[in-house]
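Residue numbers 5 to 165, in the numbering used here, belong to the letters of the sequence shown in order. C-beta: ideal position from N, C-alpha, C; glycine also. Notes for the one structure printed next.
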Amino acid sequence: MSEVRLLVGGREYTVGCADGEEAHVTRLGEMVDAKLQQLGSNLTARDAQNLLFASILLADELDEQRRGAPEGGEARQAIAERDDEIERLRAAHQDAEVDAAAARAEIETLRKELDDLKAGQTAPSTTPDLFRDPDLAPALERFADLLENCAEKLESKRATS
5 MSEVRLLVGG REYTVGCADG EEAHVTRLGE MVDAKLQQLG SNLTARDAQN LLFASILLAD
65 ELDEQRRGAP EGGEARQAIA ERDDEIERLR AAHQDAEVDA AAARAEIETL RKELDDLKAG
125 QTAPSTTPDL FRDPDLAPAL ERFADLLENC AEKLESKRAT S
């Protein structure tokens with residue numbers, strides 16, 4: 005147990021407190037002294053009454069702060085909603101990364117096929133005429149759809165962040 009000397013209302017008081025709480029008790033004593041000083045010329049000759057008035061003023065301020073603060077349940081609910089939103093955004097981000105990886109793979113495949121065609125690396129008998137290949141248009145449409153999906157997801161991510 006420790007003792008702290010407080011100067012409140014021009015008088016010194018010795019107060020007992022737990023070890024390590026000295027600075028906290030001193031700060032509280034300073035708050036009470038500040039409230040007494042706010043009373044100014046309204047101080048009476050009785051220390052107990054003056055301390056009571058200062059304590060009532062402090063209690064009133066504390067009560068006002070408590071009434072103005074959100075309830076613990078409301079704060080927990082708001083935090084839970086934020087956590088859910090963060091989790092939803094993380095999942096959307098992962099989905100966008102998967103879609104982007106698929107689009108990159110498709111682009112790489114198409115790029116390799118195009119490079120092979122340009123270089124003439126495929127056998128002439130199997131090299132399709134670029135304009136007559138029936139698989140080319142659907143492949144290009146899939147590629148365009150993938151690119152559009154990626155762009156939309158990236159734009160929506162940027163809009164939410």
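Would you check if the distance between the CB atom of residue i and the CB atom of residue j is smaller than 9 Å?
i    : j    : result
L114 : F147 : yes
G13  : L40  : yes
L151 : A107 : yes
Quick check on DSSP: helix, strand or coil for residue i?
i   : result
E91 : helix
L50 : It is Arg, not Leu, that sits at residue 50 in the sequence shown. In the structure shown, R50 sits in coil (DSSP, three-state: anything other than H, G, I, E or B).
G33 : helix
E25 : coil
G20 : strand
Based on Cα-Cα distance, which residue from the options lies nearest to residue i?
i    : options          : result
A100 : V36, K116, K161  : K161
C21  : K122, T30, G13   : T30
T18  : G24, L10, E25    : L10
E110 : G124, E145, R136 : E145
A58  : E34, H97, G72    : E34
Rounding to the nearest angstrom, what Cα-Cα distance links residue i and residue j in this structure?
i    : j    : result
V8   : E26  : 6 Å
D3   : A82  : Look at the range of the chain in this structure, 5 to 165, and you will see that residue 3 is not part of it.
A95  : A163 : 16 Å
V36  : S6   : 20 Å
I60  : E16  : 21 Å
K116 : D103 : 20 Å
A105 : G24  : 57 Å
Task: the segment 55 to 72 touching the segment 89 to 97, judged by at least three CB pairs closer than 8 Å - done: no
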